[in-house]
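In this text, residue positions in the sequence shown follow the numbering used here: the first is 188, and each later residue adds one. First comes the structure, then the notes that go with it.
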Amino acid sequence: MASRLYLSAFVLGITLAAVGCGKDNPTTPTPAADPKFTATLLPSNEVPAVSNAEQSGSGTVTITMHNTKDAAGNITASTADFTFTLSGFPAGTTLTAAHIHPGAAGVNGSPAWNLALVSGANVLTNGSITLTVNGVTPTDVATAQAIINNPAGFYFNVHTTLNTGGVARGQLVKTN
């Protein structure tokens, strides 16, 4: 009787071990994807709205953040890659700056993430341009976390020689 009990316990143990070893799905976590944001850039979104020769333009921006975090998950360093496309502007429009600013729709804020464009170096010869600027650091690292937490509380805009306060603006939207 005792040998049957030991045999039953042995078979049960082997069965449980086999079930536990038969996992097809790994449990190793995959790293989180770099956060991405987009915005539709319109002169009518500027405050005040653009109403001069550049009011017919528009554009889009895609921003990919690359964050370094400590063991507690706090962002300790951040850079971002920006790609923006502008079209429909008068030929010869000259970009002077591009930034992320804090501010809800209709509210202006100071630049928090400056692309450091060389003023006058980017001319929309035919009224259009696509620019990519990689590895841009924010004014301070807390800005990266604030954007992740509340992207709609930030906007991206571009500036021109005619519209020094901004020519096209859009609120950020997180896409992943």
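All C-beta atoms in this analysis are idealised placements derived from N, C-alpha and C, irrespective of residue type, glycine included. Here the structure is a predicted model, which means the values were calculated and not measured.
Of the residues the options, the one placed nearest residue i, counting alpha carbons only
i	options	result
PHE271	THR330, ILE316, LEU359	ILE316
GLY314	LEU282, THR263, PHE224, ALA291	LEU282
GLY340	ASN301, VAL294, SER306	VAL294
ALA299	PRO289, VAL305, SER306	PRO289
GLY352	LYS223, SER238, ALA226, PHE224	SER238
GLN358	ASP221, ASN232, ALA329	ASN232
For residue i, the residue or residues it bridges with in DSSP
i	result
LEU282	ASN309, THR347
PRO289	PHE341
VAL248	ALA226, PHE271
Beta strand (DSSP E) segment containing residue i, residue limits
i	result
ALA226	223–228
GLY322	316–323
SER265	262–274
Three-state secondary structure assigned by DSSP to residue i
i	result
THR330	helix
GLY340	helix
ASN232	helix
THR215	Per-residue confidence for THR215 stands at a pLDDT of 48, beneath the threshold of 50, marking its modelled position as unreliable; the derived number appears in the next sentence. Looking at THR215 - three-state DSSP - the assignment turns out to be coil, as it is neither helix nor strand.
Nearest-angstrom beta carbon gap, residue j and residue i [assumed within contact, 8 Å]
i	j	result
ASN309	ASP268	The Cβ separation is near 17 Å, so there is no contact.
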